[in-house]
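Participant: For what it's worth, the numbering used here labels the leading residue of the sequence shown as 299, then goes sequentially.
Glycine included, C-beta positions come from ideal geometry on N, C-alpha and C.
Nothing here was measured: the structure is a model prediction, and the numbers come from that model.
Could you have a look at this structure, given as structure tokens, before my questions?
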Amino acid sequence: MKDNTIYQGIIPAFYACYDENGNISKERTKQFTEHLLKKGVKGLYVGGSSGECIYHSVQDRKDVLEAVMEVAKGKMTIIAHVACNNTADSCELAAHAESLGVDAIAAIPPIYFKLPSYAIAQYWNDISAAAPNTDFIIYNIPQLAGVTLTIPLFKEMLKNKRVIGVKNSSMPVQDIQEFKMYGGEDVVVFNGPDEQLVSGLAMGADGGIGGTYGIMPELYIKIFNLCKEGDYHTARKIQYDVDEIIYQMCAGYGNMYAIIKEILRRREGIDIGGVRKPLVDIVPEDKIHVDRCIELINKAIDKYC
């Protein structure tokens, strides 16, 4: 049996870090990496949805990963999301990620055009072939990608020995159970929806990758540890508090990640810029949501951590 313990734990989805002009800031990227390293998370998921990857150039994404690896290599598990909406750029990013020594690469399916399953499998296998010595993780997020990882497609992908698991961001917890059941003991499944980490872990997820982990990693680490100890009663209480915070972050005018970055700025003193257009930045009216989130995060950490 393969040792997949490097993937078991809390792995924040890394946020894009910009300078005052909206360009990728390597210095701020390194600062944020250091911050999360000190928080004790298992690893980082770099270049995914939370990293605003679809609004970045290939060079932007290389710059981000290089900065992260300067700080984190050998200290945390690093998974690099490398998918672009064409195979050539995706393969370029995959090869680059392997050259930096990441632990795994990941990819959503191609978006926009509806492709048959065999074409999606070919896309993923081409990306994997560009990083032949690196683990590959399928990113299943049907609500945004418009493509669902079906069990027949999953089984087809498992023929590729570099495929080690799934980052599952679909909402049905049953999907986690099916991927674990059909994948076997060696397959790693990450819970994606932050609002249901406890449910995902109860159903067999090995760890979690989440977009709100970066502003309250203490709470998610506590949930993970409690679930591993079998204390789902307390873990569920924390999950309810976390969910209330998430709902507040989603209630503003600005994009959720714009609100997250303002919380980071005010609560942790870390400035990683705003969000890249066409994502919408916060407005003064969002202050009430930011204030409430900070209050709730502080209260929950004081209570449980």
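Does the distance between the C-beta of residue 553 and the nearest non-hydrogen atom of the ligand SAM fall short of 7 Å?
Facilitator: For the ligand SAM, the structure offers nothing, since it holds no ligand at all.
Participant: Please identify the residue among 366, 361 and 529 whose C-alpha is closest to the C-alpha of residue 312.
Facilitator: If we check each option's Cα against that of residue 312, 366 comes out closest.
Participant: In terms of alpha-carbon separation, which member of 510, 500 and 541 lies closest to residue 523?
Facilitator: For the residues 510, 500 and 541, the minimum Cα distance to residue 523 belongs to 500.
Participant: So the candidates are 379, 358, 556 and 565; which of them puts its Cα closest to the Cα of residue 599?
Facilitator: Ranking 379, 358, 556 and 565 by Cα distance to residue 599 puts 565 first.
Participant: Shortest alpha-carbon distance to residue 511 belongs to which of 442, 579 and 342?
Facilitator: Per the Cα distances, 342.
Participant: Are the beta-carbon atoms belonging to residue 547 and residue 591 less than 8 Å from one another?
Facilitator: The answer is yes: Cβ separation under 8 Å.
Participant: Buried or exposed: residue 438, going by 16 or more other Cβ atoms within 10 Å of its Cβ?
Facilitator: Buried.
Participant: Would you check if the distance between the CB atom of residue 369 and the CB atom of residue 335 is smaller than 8 Å?
Facilitator: Yes, they are a contact pair.
Participant: Count the other C-beta atoms from every protein chain shown that fall within 10 angstroms of the C-beta of residue 550, then say buried if there are 16 or more, exposed otherwise.
Facilitator: Residue 550 should be labelled buried.
Participant: Quick one: measure Cβ to Cβ for residue 350 and residue 574, integer angstroms, because I've assumed they're closer than 8 Å.
Facilitator: At roughly 5 Å, the Cβ-Cβ gap stays under 8 Å, so residue 350 and residue 574 are in contact.
Participant: Three-state secondary structure (DSSP) at residue 405?
Facilitator: Three-state result, residue 405: strand.
Participant: For residue 580, decide whether its Cβ has a neighbour in chain D, counting only Cβ atoms nearer than 8 Å.
Facilitator: Absent here is chain D; the protein component of the structure consists of one chain.
Participant: Locate the alpha helix (DSSP H) running through residue 555, then write down its first and last residues.
Facilitator: Residues 554-566.
Participant: So, do the stretch 396-412 and the stretch 471-482 have three or more beta carbon pairs nearer to each other than 8 Å?
Facilitator: No, the stretch 396-412 does not touch the stretch 471-482.
Participant: Is residue 596 helix, strand or coil by DSSP?
Facilitator: Residue state, collapsed to three classes: helix.
Participant: Would DSSP call residue 447 helix, strand or coil?
Facilitator: Correct three-state label for residue 447: coil.
Participant: Can you give me the C-alpha to C-alpha distance between residue 527 and residue 410, rounded to a whole angstrom?
Facilitator: Roughly 43 Å separates the two Cα atoms.
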